[in-house]
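Encoded as C-alpha cells, the structure appears first; notes follow it.
Chains as they are written, first to last, in the working numbering: chain C, 2 to 287; chain E, 2 to 287.
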C-alpha cells in the first residue's frame, strides 16, 4: 500500500521544514518579472518558480484564480505547471477553494484529485459554505486516491470573522458555544479516522494570525490534521512565530508565503527560498 | 447608459417566465444522450442545450464543474458554450461558486465578468465562506461592467443547515438571532444600493425548498435582489409552488431545473423546455 498524503506531507515537512511556496502570478508580479499578463506569462512564472523551489522546499501552492483569469489557455498553462511541480518531486496543493454538493462536487474532485486528470494535484483547497459534511464524499475520494484536501476553516481576513465564529445551534452542537470553524474542523477530521501515521490526509486552512480561541480552534481541535496556514511573510507572521502561534500542532503546519518570496524576482528567487526555508527549519528544530 | 444585469434579468423573466435551464453534462447524462464523457461530449451537450433553450427561456446556467473535470480542454468547450449562449440572446449564469479575497478574488472576477474574457458570462455564482463582505469589490466590479452575481446564501442540502443558520455574534448583529444566511443576504444587498429598476444586479442563491424563516430570510430580507433558486424539478419543488414558496419576492426568482429537463434527451429537449417554461409562466401570471 502506498503512502497516504498525510505520510508524504509529514516526510516533506520533516525534511524541508514548513515553508510552502505560493505560485501567484498576478498582474503586478508578472510585470515585475518582465513577463506579460497572459497565459504564457503565467506559465513561465510558474515553471521558473517550480525550478527554484525544487529541492529547497517540500510543497508548492499554485493559486488557480491567476490561471483561470486567462480561461482555457490559462488552464493549459496551469496543467504544465502542475505537471512540472509533481515531476520535480514537490507536493502540489492546488489552491482552488472549490465547494459544491453531489455530482457537481464530484466533478471538481475528479478534476483535481483523480490520477491521470490533466489538472491532477496532490491536494486541493475546498470551501465549506454548503456544510463541511457535504464534502464528505470528496474527502473520501481524496483519501482513496492517496490525495489530500485542505478545507477553509478560519481565515485571517477581518470580514470572515462574523461567519466563521458564528455559533452553531443544532442537536449535534458541542456545548453552548460551538463555532462554525470548530464544526468544520471536526467534520473534516472524520475523514482521517483510521488513516495510518501521525498526520491524516485531510486538513484545514487556518490563517497564521487568526485568534484561534475565538473560533474554538485550540490545539485539540486541530490535532492530527495538516494545517495550511497563509499569513506568513508579507501578510504578517514571521517564521519564528510558528511555535507560538500553533503550539502543539506546529509540526503539522504548511506555512505559505507568496509575495514575500516572489517579489524578489526570478534571479534571486532560489536564494530567497533557501533563506526563508531555513528560518522555518530553525524555528521548529533550531 | 446600458441596462444593468438586474434590468436585463427583469425583462427576461417578464418575457419568458422564471425557468432557467441548467447545463449539467455529468457522465450519466452524457451517456444517456449518446455522447462521450469527454470535453468534446460536454461541448456538444452544451451547444445542443443552448439551441433548444434559445427563444424558449431567458436564462441558462452552465455548471462549471462538469467542464472543469476535463481540464483546459473542458474549459475550451465551456468557452464555446458560453459564447453560443450569449450569441443566442440568453442570459448566462456561470455556476462556478468561486470565493476568495483580495487580488485572488480579482482573478476570478476578471475570468467570469470582464468583458472580452474568454470565459465571459452575464453573472457568476459566488461562495461567501470568507465573509460576504470580502466579495464587495467583486460585486462592485460586476455592477460596473453591467454584470451580475449570485452569492450562496441558503442551500437546500441538509448538511448546510448548521453553518447557514448559525448565529452571528458581533457588534453589527441585528437583534439577538441574526443567522449567517441573513447576514450574507444583507451584505450582498449593499452592492445594489443606487441601482436603477426594481431588481438589483446582485443577488442570492436560495434553495426552493429551504425553510426560509429558519435562516432569517423572510421576504423583506430578500427584497430587491434576484434570487437563483435550485431545487425545482427533479429536486422537489413544482412550478406551481413558486408563489407559495417565495411570496412577495416570487417575481425575482430564477428557477433552475437541470435533470428534470436534460433527462428527456436531445430530441425531446425543446418540447420539454416549452412545457416546463409554460408552467412557470402560468404559476405567476396565470
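Ideal Cβ positions, reconstructed from N, Cα and C, are used throughout, including at glycine.
Where residue i falls: helix, strand or coil (DSSP)
i	result
residue 23 of chain C	strand
residue 102 of chain E	coil
residue 248 of chain E	helix
residue 107 of chain E	helix
residue 188 of chain E	helix
residue 83 of chain E	helix
residue 96 of chain E	strand
residue 8 of chain C	helix
residue 209 of chain E	coil
residue 51 of chain C	helix
residue 203 of chain C	strand
residue 63 of chain E	strand
residue 127 of chain C	strand
residue 149 of chain C	strand
residue 139 of chain E	helix
residue 28 of chain C	helix
residue 116 of chain E	coil
residue 134 of chain C	helix
residue 181 of chain E	helix
residue 88 of chain C	helix
residue 214 of chain E	helix
residue 3 of chain C	coil
residue 35 of chain E	coil
residue 144 of chain C	helix
residue 45 of chain E	helix
residue 40 of chain C	helix
residue 74 of chain E	helix
residue 16 of chain E	helix
residue 121 of chain C	coil
Short CB-CB distance (under 7 Å) between residue i and chain C
i	result
residue 226 of chain E	no
residue 120 of chain E	yes
residue 205 of chain E	no
residue 163 of chain E	yes
residue 64 of chain E	yes
residue 221 of chain E	no
residue 158 of chain E	yes
residue 95 of chain E	no
residue 149 of chain E	no
residue 276 of chain E	no
residue 167 of chain E	yes
residue 289 of chain E	With chain E covering only 2 through 287, there is no way to say anything about residue 289 of chain E.
residue 261 of chain E	no
residue 105 of chain E	yes
residue 7 of chain E	no
Residue-chain proximity (residue i, chain E), Cβ-Cβ < 7 Å
i	result
residue 194 of chain C	no
residue 215 of chain C	no
residue 170 of chain C	yes
residue 22 of chain C	no
residue 233 of chain C	no
residue 255 of chain C	no
residue 111 of chain C	yes
residue 102 of chain C	yes
residue 153 of chain C	yes
residue 145 of chain C	no
residue 181 of chain C	yes
residue 70 of chain C	yes
Whole-Å CB distance - residue i paired with residue j, under 8 Å assumed
i	j	result
residue 127 of chain E	residue 98 of chain E	7 Å
residue 193 of chain C	residue 202 of chain C	7 Å
residue 254 of chain C	residue 228 of chain C	5 Å
residue 183 of chain C	residue 153 of chain C	Contact flag wrong, Cβ pair sits at about 14 Å.
residue 67 of chain C	residue 86 of chain C	Residue 67 of chain C to residue 86 of chain C, Cβ: 15 Å. No contact.
residue 233 of chain E	residue 264 of chain E	The pair is not a contact, with the Cβ atoms about 14 Å apart (cut-off 8 Å).
residue 271 of chain C	residue 19 of chain C	Contact flag wrong, Cβ pair sits at about 18 Å.
residue 277 of chain E	residue 240 of chain E	7 Å
residue 207 of chain C	residue 230 of chain C	6 Å
residue 102 of chain E	residue 135 of chain E	5 Å
residue 167 of chain C	residue 180 of chain C	7 Å
residue 205 of chain E	residue 224 of chain E	So it is not a contact: roughly 11 Å between Cβ atoms.
Selection of the region 126-143 of chain C by Cβ proximity to chain E, strictly under 7 Å: 128, 129, 130, 131, 132, 134, 135
Start-end ranges of the alpha helix (DSSP H) lying completely within the region 216-281 of chain C, minimum 4 residues: 220-223, 243-247, 260-263
Contained alpha helix (DSSP H) runs [length at least 4] in the region 155-179 of chain C, N- to C-terminal order: 162-165
Members of the region 76-90 of chain C near chain E, C-beta cut-off 9 Å: 76, 77, 78, 79, 80
Cβ-based contacts, 7 Å cut-off: residues of the region 22-48 of chain E near chain C: 27
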